[in-house]
Amino acid sequence: MFKRILVPTDFSEPSMKVLDYIPVLHEAGTREVVLVHVLDPRETPLAASGGQGFLGTVPDRESEVQRQYREKARHRIIDIRRTLEKQGMQVIVRTPVGTPGAGIVAAADADGVSLIVIGSHGSSNLRDRLLGTVSEYVIKNARQPVLVIKRDTVIGG
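First residue of the sequence shown: 1, per UniProt numbering; consecutive thereafter.
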């Protein structure tokens with residue numbers, strides 16, 4: 001029924017909790033995971049302002065900081081991919097640039113997934129109240145069913 005699913009991650013504890021649920025979905029027939037990490041320009045670490053200096057111009061420094069951020073994210077997503085592949089899943093990795101909610105919804109449409117599996121809160125917990133701003137956006141805007149894994153979900157229990 002849900003052979004191809006989308007799993008977004010921001011590497012927060014709640015988004016990583018979703019990965020614990022993948023073996024259950026695999027047993028139910030899921031065979032392919034589209035793993036999405038949206039590179040949000042608003043969350044990318046930026047260099048301090050200050051013009052030109054021994055570190056180069058501010059745009060040069062920002063570019064280097066952003067490159068390092070993308071590289072760190074790439075390594076983390078490769079680790080997740082390997083874990084899912086060891087569980088028997090085929091994995092497609094997507095790292096779009098944009099706002100997380102819109103990037104997740106667009107990736108779900110582009111990759112033709114039948115289910116989105118998302119954590120209830122992500123790295124913006126201070127702004128979240130009950131569900132989470134990204135989760136809420138995805139629920140309201142996705143064409144696919146959305147399975148929300150709560151932080152305190154007990155897998156198999």
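Quick reminder that beta carbons are idealized off the backbone N, C-alpha and C, glycines included.
Inter-residue Cα distance where the pair is residue i and residue j
i: Val148; j: Arg74; result: 24 Å
i: Asp20; j: Ile155; result: 7 Å
i: Asn141; j: Val117; result: 14 Å
i: Arg67; j: Pro41; result: 12 Å
i: Glu13; j: Arg151; result: 8 Å
i: Val33; j: Glu64; result: 31 Å
Proximal residues to residue i (C-beta, below 7 Å), its chain only, five neighbours per side dropped
i: Pro23; result: Gln87
Alpha helix (DSSP H) segment containing residue i, residue limits
i: Gly29; result: Looking at the DSSP string, Gly29 is not in any alpha helix (DSSP H), and its letter there is neither H nor E.
Residue of the options minimising C-alpha distance to residue i
i: Leu6; options: Gln144, Thr153, Lys150 and Glu85; result: Gln144
i: Gly101; options: Lys3, Asp10, Arg4 and Phe2; result: Asp10
i: Val97; options: Ala107, Val91 and Thr83; result: Ala107
N-terminal and C-terminal residue of the beta strand (DSSP E) that residue i is part of
i: Val148; result: Val146 to Ile149
i: Pro8; result: Arg4 to Pro8
Proximal residues to residue i (C-beta, below 8 Å), its chain only, five neighbours per side dropped
i: Met1; result: Ala28, Gly29 and Ser114
Same chain, Cβ closer than 6 Å to residue i, neighbours up to 5 away in sequence not counted
i: Asp128; result: Here the model assigns Asp128 a pLDDT of 48, short of 50, so the residue's position is not dependable and the matter cannot be decided.
i: Tyr137; result: Gly101
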